[in-house]
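Colleague: Sequence positions in the sequence shown follow my numbering and run 2 to 245.
Note that CB positions come from ideal geometry on N, CA and C, so glycine has one too.
A quick note: this is a predicted structure, and the numbers were derived from the prediction, not measured.
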Amino acid sequence: MKKVALVTGSSRGIGRAAAYRLAHDGYAVCVNYLERKDKAEELVELLRKDGCEAIAVQADVAKRAAVDAMVKKTEEALGPVTLLVNNAGVAGQAQFQDVTDELWDRYFSVNLNGARNTIQAVLPHMLHEKSGCIINVSSIWGQHGASCEVTYSCTKHALIGLTRSLAMELAPSGIRVNCVAPGVINTDMVKVLGDEVLKDLAEQTPLGRLGTPEDIAHAVAYLASDKASFITGQVLAVDGAFIL
Ligand code: NAP
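(1) Is Val8 near Ala63, with beta carbons less than 8 Å apart?
(2) For the alpha helix (DSSP H) that Leu113 lies in, which residues bound it at each end?
(3) The ligand NAP heavy atoms versus the CB of Gly14: any closer than 7 Å?
(4) Please name the residue or residues paired with Ile244 in a DSSP beta bridge.
(5) Look at Lys131 and Gly175 and say whether their C-beta atoms are less than 8 Å apart.
(6) Quick check on Ile56: does DSSP put it in helix, strand or coil?
(7) Relative to the C-alpha of Leu44, which candidate in Ala18, Leu79 and Leu202 has its C-alpha closest?
(8) In the DSSP output, what is Arg177 paired with across the bridge?
(9) Could you check where the alpha helix (DSSP H) with Val100 kicks off and where it finishes?
(10) Is the closest heavy atom of the ligand ZN to the C-beta of Gln235 under 7 Å?
(11) Can you give me the start and stop residues for the alpha helix (DSSP H) that Cys155 sits inside?
(12) Any C-beta of chain C sitting closer than 8 Å to the C-beta of Phe97?
(13) Count the other CB atoms, across all protein chains shown, that sit within 10 Å of the CB of Lys245; report buried if there are 16 or more and exposed otherwise.
(14) Are the CB atoms of Leu160 and Asn137 nearer to each other than 8 Å?
(15) So, under 8 Å CB-CB, Val72 and Ala122 are touching, yes? Tell me the CB distance rounded to an integer number of Å.
(16) Does Gly233 pass the burial test, meaning 16 or more other C-beta atoms within 10 Å, or should it be called exposed?
(17) In chain order, what residues of the same chain lie with their CB nearer than 7 Å to the CB of Ser140, ignoring the 5 residues before and after it?
(18) Return the chain-ordered ranges of every beta strand (DSSP E) run that is complete within the region 187-223 and spans a minimum of 3 residues.
(19) Return helix, strand or coil for Ala29, following the three-state DSSP convention.
(20) Could you say if the region 211-221 and the region 236-243 meet the contact criterion of at least three C-beta pairs nearer than 8 Å?
(21) To the nearest angstrom, how far is the alpha carbon of Met2 from that of Lys40?
(22) Kindly indicate the opening and closing residues of the beta strand (DSSP E) around Val45.
(23) Can you give the Cα-Cα distance for Ser226 and Met169, rounded to whole angstroms?
(24) Could you check how far apart the C-beta atoms of Val236 and Thr119 are, in whole angstroms? I think they sit under 8 Å.
(25) Is it buried or exposed for Ser11, if we count other Cβ within 10 angstroms and need 16 for buried?
(26) Using the three-state DSSP reduction, which class does Ala238 fall into: helix, strand or coil?
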């Protein structure tokens, strides 16, 4: 069966590295983005130059109709999705008393409902084929508490619950569901914290550095591969031992 990967939020950061790695592992890849069409198209162009098959599709994962349309476009252009990587996410810091309804709803809509939307859109084909792989990108803050990131942490804990429960439900159908939990990874998401804070975070990481998007891409590629064919419902922390 043709290998087709949909990586949400793959115009930048971790998603971009995952899409790049999967394309070079032989997947035809849908590069999803929200706003940065330029970045998504730049990646698609690079992948095509390398002889890989790729398309860029805009969709806000929080919107079910947009996700359904993206999956349809992917199926028409590349074929049915055999690997889904739920990577698109939003983060930010706020004290809990300042968390507005809008912020709470948006984080849940993107980080959790986004995964629900994409999974439900690709599942019919996976169930029909009795095969498929889903990888959710959670966070170390989905395994541990995070002061001033309560909303984010709640969404990432929920993604782990989704992973474990869905893995049990889908295992008899031959579909694996796993999670990666990145530590502090050097992307635009954390660059807003500033150089000083990032230096401190690198020092707090026992392996002595920030993670790279490629560190996470390697873990995603492993979980997607046949080498992980007996692994489902697991959370793989890729964090340089930031949290043990
Ligand atoms: P990033 O650099 O901020 O990139 C975010 C990506 O997601 C971009 O491609 C963005 O698209 C896309 N995106 C955002 N909202 C979207 C939406 N509603 N629909 C579709 N795409 C959307 O983030 P990152 O650091 O690579 O993080 C990727 C994932 O890893 C997130 O789930 C994050 O929570 C998780 N994570 C990150 C870290 C870290 O330290 N960086 C740690 C743990 C977990 P545009 O380019 O179009 O804006």
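Modeller: Let's see:
(1) Start at 1 with the first residue of the sequence shown, and residue 8 comes out as number 7. Start at 1 with the first residue of the sequence shown, and residue 63 comes out as number 62. Result no, Cβ atoms of Val8 and Ala63 do not sit closer than 8 Å.
(2) Here residue 113 refers to the residue found at position 112 of the sequence shown. Per DSSP, Leu113 belongs to no alpha helix (DSSP H) and is neither H nor E.
(3) The residue you call residue 14 lines up with position 13 of the sequence shown. Checking the Cβ of Gly14 against the ligand NAP gives yes.
(4) Translated into positions along the sequence shown, residue 244 becomes position 243. According to DSSP, Ile244 bridges with nothing at all.
(5) Reading the sequence shown from its first residue, position 130 is the one you call residue 131. Reading the sequence shown from its first residue, position 174 is the one you call residue 175. For Lys131 and Gly175, yes; Cβs fall inside 8 Å.
(6) Looking up residue 56 in the sequence shown gives position 55. It is a strand residue.
(7) Along the sequence shown, read from residue 1 onward, the residue named residue 44 stands at position 43. Of Ala18, Leu79 and Leu202, the residue nearest in Cα terms is Ala18.
(8) Here the question's residue 177 lines up with position 176 in the sequence shown. Partner(s): Cys134.
(9) The residue given as residue 100 occupies position 99 in the sequence shown. Unbroken run through Val100: none, as it is neither H nor E.
(10) With respect to small molecules bound, the structure shown includes the ligand NAP and not the ligand ZN.
(11) Locating residue 155 in the sequence shown gives position 154, counting from the first residue. Taken as a continuous stretch (DSSP letters only), the alpha helix (DSSP H) holding Cys155 covers Val151 to Leu171.
(12) Annotation note: the requested chain C is absent from the structure, which comprises a single protein chain.
(13) Position 244 of the sequence shown, counted from the first residue, corresponds to residue 245. Looking at the sequence itself, residue 245 is Leu, so the reference to Lys does not match. It is exposed - the Cβ of Leu245 has fewer than 16 other Cβ atoms within 10 Å.
(14) Start at 1 with the first residue of the sequence shown, and residue 160 comes out as number 159. Start at 1 with the first residue of the sequence shown, and residue 137 comes out as number 136. It is a contact, given that the beta carbons lie within the stated cut-off.
(15) Taking the sequence shown and counting its residues from 1, the one referred to as residue 72 is at position 71. Taking the sequence shown and counting its residues from 1, the one referred to as residue 122 is at position 121. Val72 to Ala122, Cβ: 4 Å. Contact.
(16) For the purposes of this step, residue 233 is identified with residue 232 of the sequence shown, where counting begins at 1. Checking the sequence, you will find Thr at residue 233 rather than Gly. Buried is the call here.
(17) By 1-based counting over the sequence shown, the position of residue 140 is 139. Taken in chain order, the residues that qualify are Lys157, Ala182 and Pro183.
(18) none
(19) Mapped onto the sequence shown, residue 29 falls at position 28. Ala29 falls in the strand class under three-state DSSP.
(20) yes
(21) Start at 1 with the first residue of the sequence shown, and residue 2 comes out as number 1. Start at 1 with the first residue of the sequence shown, and residue 40 comes out as number 39. Those two C-alpha atoms are separated by around 29 Å.
(22) Taking the first residue of the sequence shown as position 1, residue 45 is located at position 44. Taken as a continuous stretch (DSSP letters only), Val45 belongs to no beta strand (DSSP E), being part of the alpha helix (DSSP H) at Lys38 to Lys50.
(23) Counting from 1 along the sequence shown, the entry for residue 226 is found at position 225. Counting from 1 along the sequence shown, the entry for residue 169 is found at position 168. Distance between the alpha carbons of Ser226 and Met169: 19 Å.
(24) As a working note, residue 236 is residue 235 in the sequence shown. As a working note, residue 119 is residue 118 in the sequence shown. So it is not a contact: roughly 19 Å between Cβ atoms.
(25) Within the sequence shown, the letter at position 10 stands for residue 11. Classification for Ser11: buried.
(26) Position 237 of the sequence shown holds residue 238. In the structure shown, Ala238 sits in a strand (DSSP, three-state: E or B).
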